[in-house]
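Participant: Take a look at this one; I'll ask things after.
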Amino acid sequence: MNVLANFVDVSEDILLLKGFCKESLKGKLKWLFFLYPLCLLAVTLLKLTSLVYSIKHNKYSKKR
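By UniProt numbering, the letter at position 35 of the sequence shown is numbered 35, and the numbering carries on one by one without gaps.
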């Protein structure tokens, strides 16, 4: 069952790539200059939040 779920995920990714290749130049530029940096910003914020949480958690656990 898990193998089938992985295959479906991969096939969806392939369909997304095919759709991106068929997309117009305006759509590609929108993705490259707006959505991609937005995704990078979200990932960076999540990593920073995780780092701050781990630092605070380590400080509090050492005090006990």
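Every residue gets a Cβ at the ideal spot worked out from N, C-alpha and C, and that includes glycine. Predicted, not measured: the structure shown is a model, and the values here were computed from it.
Compute the Euclidean distance between the alpha carbons of Lys26 and Leu32, then round it to the nearest angstrom.
Facilitator: Those two C-alpha atoms are separated by around 10 Å.
Participant: Under the three-state reduction of DSSP, which class applies to Ser50: helix, strand or coil?
Facilitator: In the structure shown, Ser50 sits in a helix (DSSP, three-state: H, G or I).
Participant: Tell me the rounded alpha-carbon separation between Tyr53 and Val43.
Facilitator: The alpha-carbon atoms of Tyr53 and Val43 are separated by roughly 15 Å.
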